[in-house]
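In the working numbering, the protein residues as written are 43 to 344. Every residue gets a Cβ at the ideal spot worked out from N, C-alpha and C, and that includes glycine. What follows is a short report on a single structure.
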């Protein structure tokens, strides 16, 4: 197999723009020349990487998987050159992590601090995003690792051979609200009156589990606010506007200070599992080192 590194950069540009003309402009070549280089890459691999019948163009299944390798090779080549030219001050590779917003704030800092205390000094770059975008980034090589709550829904499932995962810890979503003057919850989940609900918007992963619980327990509620962001629900709960189900790791401080209180007993809690995902096609040394350490017994923190 005879591959040119510029073809890999071409393919990465095409995947980013989903347009031959825009990718050619980004790569400073004419569109016909760019198209020939993509076809040369496909011929060398013996694979069709691009579905040209769609507008904007789409990557084939083989193209999506190869994109991970292409980006990894280009990135590692750049890392080596920067190291040789002493442009990174000897810091080496940076591990890119995409994380759900609540995990980025409530879990990631403690987890990284724990790893560093155990002697694993890895430089990281964190991107806080929604689960869908994080999955997309992992699939297409836009990040090295993905930190997310485990999603049993089929939409989240990824081939475990290509995208292995590790269990880092467990937490739960708690129904919380502001307290009255006596430190008691402003709202009662066990009462007969309808409660004001601070809800997750349609399609939000955390909302699916909450909605299932509400149906099972036949809670009477009136939705007064919706968002996909757990931290936004927490802020509304702090204002005394209703009850919100929020990951426990996101409300530690507010519960400790008494600014928020838990409504109802354990039957209203929703369990969550924290997992770390990687792509087996990525060969970064620091990712492999971290994975071996985690498989050897390093635990997450709840």
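Asked, Found
"Backbone CA spacing between residue 68 and residue 141 [nearest angstrom]", "29 Å"
"Residues of its chain near residue 251, where Cβ-Cβ distance is below 6 Å and the 5 sequence neighbours each way are ignored", "312"
"Of the residues 326, 286 and 56, the one placed nearest residue 310, counting alpha carbons only", "286"
"Ranges of the alpha helix (DSSP H) found wholly within the region 155-228, counting only runs of at least 4", "173-181"
"Assigned exposure category for residue 52 - 16 Cβ within 10 Å defines buried", "buried"
"Option nearest residue 288 by Cα separation, candidates 274, 300 and 109", "274"
"Residues bridged to residue 285 [DSSP beta-bridge criterion]", "239"
"Assigned secondary structure, residue 67 (DSSP; H/G/I helix, E/B strand, else coil)", "helix"
"Residue(s) in a DSSP beta bridge with residue 138", "167"
"Any non-hydrogen atom of the ligand PLP within 7 Å of residue 87 CB", "Among the ligands in the structure shown, none appear at all, so the ligand PLP cannot be discussed."
"Three-state secondary structure assigned by DSSP to residue 101", "strand"
"Simplified DSSP assignment, three categories, for residue 149", "coil"
"Close beta carbons around residue 86, own chain, < 8 Å, minus the five adjacent residues each side", "43, 44, 45 and 49"
"Integer Cβ distance of residue 210 from residue 317, believed to fall under 8 Å", "6 Å"
"Beta-carbon separation (whole angstroms), residue 110 vs residue 221, contact threshold 8 Å", "About 48 Å; that fails the 8 Å criterion."
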